[in-house]
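The working numbering puts the sequence shown at residues 96 to 205. Think of the CB as a built atom: it goes at the ideal place given N, C-alpha and C, for glycine as much as any other residue. Please read these numbers as outputs of a predicted model, since none were measured by experiment.
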Amino acid sequence: MIKVVMKISFVLIILGFSLSAKASFWSENTKILHLYPSASGMVFMTDYRNSDVSTCDNGGRYLIPLSHVNYDVLVSTLLASYFSGIKIRMNVDSVTPACSPTINRFIVIG
Numbered sequence: 096m097i098k099v100v101m102k103i104s105f106v107l108i109i110l111g112f113s114l115s116a117k118a119s120f121w122s123e124n125t126k127i128l129h130l131y132p133s134a135s136g137m138v139f140m141t142d143y144r145n146s147d148v149s150t151c152d153n154g155g156r157y158l159i160p161l162s163h164v165n166y167d168v169l170v171s172t173l174l175a176s177y178f179s180g181i182k183i184r185m186n187v188d189s190v191t192p193a194c195s196p197t198i199n200r201f202i203v204i205g
């Protein structure tokens, strides 16, 4: 019985570490250069470059996915930042390379 409890505890601990393995990070302050809607969400390019995670457009391409719970608010705020020329600092969801890595939130730097 004790061995079974220890095995279950070990599995739960390992599972806990694997669930928390998703990494995100904040960009530098960046200007939005281009944006366009796509079938997967709002794609935008910035002057912030990180070719380790963004493999398209010299590392400056990112995405707000349509599936994001606050998609409308994020896109509206992104458009306002773009048209006013105000910089943002974005939180990129993952360090896994992708053509358009997703962002989950950003700060408008005004």
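- G154 sits in a helix when the DSSP states are folded into three classes.
- Across the set M185, S195, S176, H129, the C-alpha of M185 shows the shortest separation from the C-alpha of S122.
- Nearest in C-alpha terms to A118, of all of V148, S162, G180, is V148.
- In this structure, DSSP gives S176 a helical state, which the three-state scheme calls helix.
- For Y131, the enclosing beta strand (DSSP E) stretches over residues 127-133.
- By the C-beta density criterion, F120 is exposed, having fewer than 16 other C-beta atoms within 10 angstroms.
- Annotated three-state conformation of S171 is helix, per DSSP.
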